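The structure under discussion appears below in the form of structure tokens.
2 protein chains.
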Amino acid sequence: MLAFKQQHFLLLSLLFGCIGLSSQAQTISAKQKATQGDRPNIVVFFVDDLGWQDMSEPFYKIKTAINEKFHTPHLETLAKDAVKFTNAYATPVCTPSRVSFLTGLNAAHHRVTNWTHPKANTTTDSKDELLNPPDWNINGLSPVPNIPHTIYATPFPSILKANGYYTIHIGKAHWGSAGTPGASPLNLGFMINIAGHSAGHPQNYYGEQNYGNLPGKTSYQAVPDLMEYHGTSTFLTEALTEEALKALEEPIRRKEPFFLHFSNYAVHVPIQPAPRFVQKYLDRGVDSTEAAYASLVEGYDKSIGDIVQFLKNKGIYDNTVIIFLSDNGGLSLSPPRSGKPHTQNLPLKAGKGSLYEGGIRIPLLIKPTKGHLASSNSSPVMVEDLFPTILQMAKIKDYQLVQQEPDGKDLTALMNGKSDNNWNSRPLVWHNPNKWTTPDGPGINFFSAIRQGDYKLLYNMKQEKLELYNLQDDIGEQHNLAPTMKGKTKALSKLLSDQLRLWKAQLPTYKSTGQQIRYPDQINSFD
Amino acid sequence: MLAFKQQHFLLLSLLFGCIGLSSQAQTISAKQKATQGDRPNIVVFFVDDLGWQDMSEPFYKIKTAINEKFHTPHLETLAKDAVKFTNAYATPVCTPSRVSFLTGLNAAHHRVTNWTHPKANTTTDSKDELLNPPDWNINGLSPVPNIPHTIYATPFPSILKANGYYTIHIGKAHWGSAGTPGASPLNLGFMINIAGHSAGHPQNYYGEQNYGNLPGKTSYQAVPDLMEYHGTSTFLTEALTEEALKALEEPIRRKEPFFLHFSNYAVHVPIQPAPRFVQKYLDRGVDSTEAAYASLVEGYDKSIGDIVQFLKNKGIYDNTVIIFLSDNGGLSLSPPRSGKPHTQNLPLKAGKGSLYEGGIRIPLLIKPTKGHLASSNSSPVMVEDLFPTILQMAKIKDYQLVQQEPDGKDLTALMNGKSDNNWNSRPLVWHNPNKWTTPDGPGINFFSAIRQGDYKLLYNMKQEKLELYNLQDDIGEQHNLAPTMKGKTKALSKLLSDQLRLWKAQLPTYKSTGQQIRYPDQINSFD
């Protein structure tokens with residue numbers, strides 16, 4: 086049965102992927118050097134902690150109450166030119182998603198299953214009474230071999246760079262811990278790094294507070310670079326946008342294709358009001374916390390608007406691929422959010438950290454270059470799919486990877502209107518053998534999950550229980566079908582388990598015995 | 086008389102300079118884009134606070150006791166391929182020299198006459214009982230107009246960049262205060278900035294201490310970037326060197342000429358021992374402070390060796406111009422140095438901060454591309470001369486400056502063996518209407534000076550006194566000739582005063598009256 090599953094996944098790899106593997110280093114010949122004429126520019130807006138509905142543009146079949154709370158006009162405009170993926174996913178927390186993005190690997194496969202600490206060799210797992218997390222890759226991604234507790238892999242920006250792209254990272258990085266090479270975006274294929282380091286959120290959004298760089302008060306989260314804005318009224322989002330616009334001048338002047346990874350620190354905590362936008366939400370009667378959150382949201386939207394306008398002014402918008410996504414679901418802990426905990430993403434259940442839809446469902450837009458346009462696609466897709474998708478859109482077919490075998494699939498077929506059963510039946514897997522926060526919440530801490538078609542199975546490791554939902558009928562995951570649909574439950578638990586075995590995914594152990602917990606197909610709740 | 090002096094300096098400008106002035110922005114046409122084949126690479130090793138003799142390679146006519154203290158074998162090797170300037174100068178402190186380097190302007194002219202504070206709008210002058218410093222450009226250099234308290238000028242790296250150079254800054258920047266554009270090397274023509282910001286020295290040289298980035302203990306001087314080395318045993322000098330070697334890979338791969346500004350934080354305070362080198366000095370019986378200092382010195386030498394070896398390995402050493410210099414004289418305050426204060430640069434008088442030779446005389450080597458070699462030159466030259474020299478060596482003749490009229494002169498004629506009377510009689514001017522430190526020391530605080538030929542005149546503003554020395558006979562400035570050579574003293578005071586008037590150089594004012602002090606030619610000590 087293992088062999089069958091392995092074959093199944095390998096077949097999917099052959100169907101969807103076109104990946105050359107080799108342990109040799111990247112090289113480039115003069116003829117490979119690209120110019121703006123023959124390769125598209127690529128801009129990725131990677132927003133932090135943004136919920137699936139945290140924008141006025143809906144990704145659900147209807148505009149929800151949450152959509153109505155926000156004002157993101159530039160995203161609405163961008164969506165008109167883009168393919169909207171209405172069933173797109175990431176992992177439940179940031180670093181795993183960001184490593185999947187850069188490597189094409191599923192988090193169960195790369196083993197960076199929780200967020201990485203700013204400092205090397207420091208776990209971020211909370212203490213749990215029942216389980217110990219496995220020995221996961223707490224130091225994140227490494228482009229250099231033999232760095233303890235890292236996944237050694239080739240990040241796609243290094244492939245873009247080797248193929249003539251001018252590669253720029255702006256904003257949050259958070260791919261590796263300080264003390265390891267992955268802490269610096271410059272080691273991950275980026276020529277330019279502004280404000281990215283090993284921390285996952287800003288200490289402070291305010292220029293007046295030097296983004297946290299206050300002598301004697303600085304934490305690991307003080308935002309690096311940006312010193313020219315210290316002591317000014319420039320909000321962090323605005324400073325990053327200005328830096329992006331300046332950085333883009335050089336590849337444009339050089340007539341080189343560019344990759345801009347614009348990774349906003351917004352809308353991660355601390356939820357601080359952006360003075361340019363907050364008043365209108367306060368005037369509407371929104372409470373101060375949610376008004377601040379909405380102002381962070383409108384700030385990222387303004388970034389998008391400013392950068393898109395710049396591309397249009399330069400006459401290169403049409404030849405620029407623009408991708409917009411979040412790295413996990415919206416935060417539903419309260420505080421720091423307002424309201425009842427785990428209601429901030431309704432109708433989705435729970436939020437960041439959870440394997441329920443509220444924690445993993447993300448907005449995803451891909452604006453292709455002119456003339457390759459489908460308006461939307463409902464196939465389930467995952468953050469690691471962007472690895473082969475971006476390389477395909479960059480027209481790079483011949484590349485070498487130090488050792489990884491990407492799990493992500495090239496989405497360009499979907500963008501051209503294809504959406505057959507192979508795509509719809511492709512299983513997606515989430516694996517979180519970690520304790521993200523205390524106390525446990527719905528779907529939060531020690532969960533695995535698989536989605537195939539409309540069905541989604543969750544494995545609650547602590548309780549050794551399985552839940553099954555039909556997302557088509559029940560996007561809120563309110564009606565557990567496991568007790569009634571035992572065959573489907575069993576089949577999905579098998580599919581999930583075999584995939585975890587294939588990847589050698591790590592499982593937690595019992596504190597009391599040191600024994601590993603069972604795979605989902607080893608528990609008998611469906612017998 | 087003013088008209089004559091203006092003419093005199095304009096004549097020198099015409100003789101030595103070839104500068105196009107315009108307020109228009111830099112532009113580049115495709116044909117201007119340079120490749121490694123036709124333009125040399127340029128590497129500048131700008132060492133901080135390094136005394137004229139703080140190396141085993143002598144710049145004086147003999148190897149001195151101080152030279153004997155140090156071990157810099159890589160510099161000795163480099164010197165064999167370079168032109169050695171034995172009468173080279175900078176300003177007495179760092180920011181003025183660094184701004185002169187980037188702009189070609191004398192410090193009296195650009196008005197950044199003291200070091201700039203890490204934070205905008207903050208003077209660094211100490212309090213003085215008699216004088217108030219003038220309203221100098223306390224925020225440093227700005228590439229953007231209308232920034233208060235800055236000199237608005239075109240930095241030469243932006244000209245190199247516009248002409249196809251791949252421009253890299255590594256290490257100490259210190260060109261402008263945080264909160265102004267000059268705080269970021271990316272605004273000064275550098276495409277890449279690693280570890281440069283608005284502070285003038287490192288908080289800490291140790292990777293184990295995160296170069297100062299310790300939560301709750303961070304000062305303005307915590308070194309930015311370099312997070313991958315945090316918590317490791319990588320000494321700051323070594324981390325910067327590794328970053329330089331990595332950064333150089335990209336222009337080499339692209340076959341583009343590069344400009345590397347390698348600006349070591351060493352050997353500025355804090356004087357912390359470099360573990361790789363300190364033991365040999367301790368074994369020789371050197372005290373722990375001076376052994377630490379010598380280890381910082383040997384560290385910068387190792388940087389030079391590593392980078393030169395890299396260039397040789399890549400086969401591009403011959404086509405690379407290498408410039409080595411310091412930004413002021415060696416520190417002679419004690420503590421933090423050992424020994425009797427102001428003896429650390431003997432036979433030179435005083436040290437950093439002073440207008441005596443110990444504070445302003447620097448080592449300068451220029452290794453040209455193969456085939457343009459003189460072994461040494463004794464004409465008096467100044468840090469601002471590197472502006473036109475570098476542009477000349479980069480073969481860039483047609484460039485535009487936003488508004489400055491550089492004072493520096495192209496040194497390539499000297500490198501080709503020329504050394505006529507025009508060069509030897511060119512007056513060099515220093516102007517320090519500031520209070521660098523308390524208490525006053527020899528030549529430190531409120532001094533101006535001029536050198537022409539062998540004669541040097543100093544103007545002590547607080548005492549309104551003039552001193553005259555013949556440097557050929559008396560490099561230690563022990564025998565004041567002003568009382569006996571009144572004609573020479575008067576002539577040089579006139580030359581100095583007229584130049585200060587021409588530049589509209591700023592003078593301090595008396596605290597008691599608010600009145601500006603007199604020009605040196607207005608006092609009657611030579612009557």
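So the protein sequences, as listed, match chains A and B.
Converting from the first sequence to our numbering requires adding 85 to each position, the first position being numbered 1.
Converting from the second sequence to our numbering requires adding 85 to each position, the first position being numbered 1.
All C-beta atoms in this analysis are idealised placements derived from N, C-alpha and C, irrespective of residue type, glycine included.
Keep in mind the model is a prediction, meaning the values are calculated, not measured.
Within 8 Å, strictly: CB atoms of Ser-439 (chain A) and Gly-528 (chain A): Translated into positions along the first sequence, residue 439 (chain A) becomes position 354. Translated into positions along the first sequence, residue 528 (chain A) becomes position 443. Taking C-beta atoms as the reference points, Ser-439 (chain A) and Gly-528 (chain A) count as a pair closer than 8 Å.
Contact under 8 Å by Cβ, Leu-330 (chain B) with Phe-395 (chain B): By 1-based counting over the second sequence, the position of residue 330 (chain B) is 245. By 1-based counting over the second sequence, the position of residue 395 (chain B) is 310. The answer is yes: Cβ separation under 8 Å.
Closer than 8 Å to chain A by CB, Gly-316 (chain B): Numbered from its first residue, the second sequence carries residue 316 (chain B) at position 231. Interface annotation, Gly-316 (chain B): in contact with chain A, CB-CB separation under 8 Å.
Gly-301 (chain A), enclosing alpha helix (DSSP H) - first and last residue: Working through the first sequence from its first residue, we reach residue 301 (chain A) at position 216. No alpha helix (DSSP H) contains Gly-301 (chain A), which DSSP labels as neither H nor E.
DSSP bridge partner residues for Val-466 (chain B) (one or two, in chain order): By 1-based counting over the second sequence, the position of residue 466 (chain B) is 381. Val-466 (chain B) is bridged to B:Ala-173.
In chain order, each beta strand (DSSP E) run of at least 3 residues that lies wholly inside the region 215-257 of chain B: Within the region 215-257 of chain B, the complete beta strand (DSSP E) runs of at least 3 residues are 251-256.
CA nearest to the CA of Phe-532 (chain B), picked from B:Leu-216, B:Gly-415, B:Gln-294 and B:Pro-453: Here residue 532 (chain B) refers to the residue found at position 447 when the second sequence is read from its first residue. The residue with the shortest Cα to Cα distance from Phe-532 (chain B) is B:Leu-216.
Contact under 8 Å by Cβ, Thr-198 (chain A) with Asn-519 (chain A): Within the first sequence, numbered from 1, the residue matching residue 198 (chain A) stands at position 113. Within the first sequence, numbered from 1, the residue matching residue 519 (chain A) stands at position 434. A contact, by the Cβ cut-off of 8 Å.
9 Å Cβ cut-off: residues of chain B touching Glu-334 (chain A): By 1-based counting over the first sequence, the position of residue 334 (chain A) is 249. None at all; the shortest Cβ gap to chain B is about 10 Å.
CB contact flag (Leu-271 (chain A), Leu-187 (chain A), <8 Å): Numbered from 1 along the first sequence, position 186 holds the residue referred to as residue 271 (chain A). Numbered from 1 along the first sequence, position 102 holds the residue referred to as residue 187 (chain A). It is not a contact, given that the beta carbons lie outside the stated cut-off.
C-beta atoms of Ile-223 (chain A) and Thr-207 (chain A) nearer than 8 Å: Your numbering for residue 223 (chain A) matches position 138 in the first sequence. Your numbering for residue 207 (chain A) matches position 122 in the first sequence. In contact: Ile-223 (chain A) and Thr-207 (chain A) (Cβ atoms closer than 8 Å).
Reduced DSSP secondary structure (H/G/I, E/B, other) of Ala-88 (chain B): Residue mapping note: residue 88 (chain B) aligns to position 3 of the second sequence, counting from 1. Interpretation of Ala-88 (chain B) is limited by its pLDDT of 36, a score under 50 that renders its predicted location unreliable; the figure taken from the coordinates is listed afterwards. Here Ala-88 (chain B) sits in helix by DSSP.
Residues near Tyr-422 (chain A) by beta carbon distance below 6 Å, same chain, minus five either side: The sequence position of residue 422 (chain A) within the first sequence is 337, counting from 1. A small correction: the amino acid at residue 422 (chain A) is Arg; Tyr does not occupy that position in the sequence shown. Here the set comprises Leu-416 and Gln-429.
8 Å contact criterion, which His-315 (chain A) and Asn-298 (chain A) should meet: CB distance rounded: In the first sequence, counting from the first residue as 1, residue 315 (chain A) sits at position 230. In the first sequence, counting from the first residue as 1, residue 298 (chain A) sits at position 213. Confirmed, about 7 Å.
Per-residue contacts from Pro-277 (chain A) into chain B (C-beta, under 8 Å): Your numbering for residue 277 (chain A) matches position 192 in the first sequence. It is Ile, not Pro, that sits at residue 277 (chain A) in the sequence shown. At a beta-carbon threshold of 8 Å, the residues of chain B lying near Ile-277 (chain A) are Met-276 and Ile-277, ordered along the chain.
Span separating the alpha-carbon of Glu-327 (chain A) from that of Arg-183 (chain B): In the first sequence, the residue the question calls residue 327 (chain A) occupies position 242. In the second sequence, the residue the question calls residue 183 (chain B) occupies position 98. Glu-327 (chain A) and Arg-183 (chain B) have their C-alpha atoms roughly 26 Å apart.
Beta-ladder partner(s) of Val-354 (chain A), from DSSP: Position 269 of the first sequence, counted from the start, is the residue given in the question as residue 354 (chain A). In DSSP, Val-354 (chain A) forms no bridge with anything.
Chain B within 8 Å of Glu-313 (chain A), Cβ atoms only: Within the first sequence, residue 313 (chain A) is the residue found at index 228, counting from 1. It does; some Cβ of chain B falls within 8 Å.
7 Å Cβ cut-off: residues of chain A touching His-282 (chain B): Translated into positions along the second sequence, residue 282 (chain B) becomes position 197. In chain order: Met-312.
Stretch pair the region 137-144 of chain A + the region 465-480 of chain A: three plus CB contacts closer than 8 Å: No contact exists between the region 137-144 of chain A and the region 465-480 of chain A.
Helix, strand or coil at Val-129 (chain A) [DSSP, three-state]: Position 44 of the first sequence, counting from 1, holds the residue named residue 129 (chain A). Per DSSP, reduced to three states, the secondary structure at Val-129 (chain A) is strand.
Where Pro-342 (chain A) meets chain B, residues with beta-carbon distance less than 7 Å: The count along the first sequence starts at 1 and reaches residue 342 (chain A) at position 257. Simply none; closest approach about 14 Å.
Status (buried if at least 16 other CB within 10 Å, exposed otherwise) for Asn-278 (chain A): To locate residue 278 (chain A), count along the first sequence from 1; it is residue 193. By the neighbour-count rule (16 or more Cβ atoms within 10 Å), Asn-278 (chain A) is buried.
Ile-447 (chain A) CB to nearest heavy atom of the ligand FMN below 7 Å: For the ligand FMN, the structure offers nothing, since it holds no ligand at all.
Exposed unless 16 or more other CB atoms sit within 10 angstroms - verdict on Tyr-402 (chain A): As a first step, residue 402 (chain A) must be located in the first sequence, where it is residue number 317. That one is buried.
Nearest-angstrom Cα separation, counted from Gly-444 (chain B) out to Thr-171 (chain B): Along the second sequence, one-based indexing puts residue 171 (chain B) at 86. Along the second sequence, one-based indexing puts residue 444 (chain B) at 359. One C-alpha to the other measures close to 15 Å.
DSSP-derived helix/strand/coil call for Asn-530 (chain A): The sequence position of residue 530 (chain A) within the first sequence is 445, counting from 1. Of the three classes helix, strand and coil, the one that applies to Asn-530 (chain A) here is coil, per DSSP.
Cα-Cα separation between Ser-380 (chain A) and Glu-335 (chain B), rounded to whole angstroms: Along the first sequence, read from residue 1 onward, the residue named residue 380 (chain A) stands at position 295. Along the second sequence, read from residue 1 onward, the residue named residue 335 (chain B) stands at position 250. Our two residues, Ser-380 (chain A) and Glu-335 (chain B), have alpha carbons roughly 39 Å apart in a direct line.
Option nearest Phe-343 (chain A) by Cα separation, candidates A:Lys-579, A:Gln-563 and A:Asn-126: Sequence index remark: in the first sequence, residue 343 (chain A) carries index 258 (1-based). That would be A:Asn-126, whose Cα lies nearest to the Cα of Phe-343 (chain A).
C-beta neighbour in chain A for Lys-399 (chain B), strict 8 Å: Taking the first residue of the second sequence as position 1, residue 399 (chain B) is located at position 314. It does not; no Cβ of chain A falls within 8 Å.
First and last residue of the uninterrupted alpha helix (DSSP H) at Trp-508 (chain A): Against the first sequence, residue 508 (chain A) aligns to sequence position 423. Per DSSP, Trp-508 (chain A) belongs to the alpha helix (DSSP H) from 506-509.
Burial state of Met-86 (chain A) (16 or more Cβ within 10 Å): On the first sequence, position 1 is the one that residue 86 (chain A) refers to. No answer about Met-86 (chain A) holds up, because its pLDDT of 30 lies below 50 and its placement is not dependable.
Interface flag, Leu-97 (chain B) vs chain A, CB-CB below 8 Å: For this step, residue 97 (chain B) is matched to residue 12 along the second sequence. Reliability fails at Leu-97 (chain B), whose pLDDT of 35 lies under 50, so the model's placement of it is uncertain and no value is given.
Within chain A, the residues that Pro-305 (chain B) reaches when beta carbons sit closer than 9 Å: Position 220 of the second sequence, counted from the start, is the residue given in the question as residue 305 (chain B). The amino acid at residue 305 (chain B) is misidentified as Pro; the sequence shows Tyr. The answer, in chain order, is Asn-298 and Pro-300.
Inter-stretch contact (C-beta, 8 Å, three-pair minimum) for the region 371-388 of chain A and the region 155-164 of chain A: Touching, per the Cβ criterion.
Closest by C-alpha distance to Val-308 (chain A), when choosing among A:Thr-319, A:Ala-284, A:Val-168 and A:Lys-589: The residue labelled residue 308 (chain A) in the question sits at position 223 within the first sequence. Ranking the options by Cα distance to Val-308 (chain A), first place goes to A:Ala-284.
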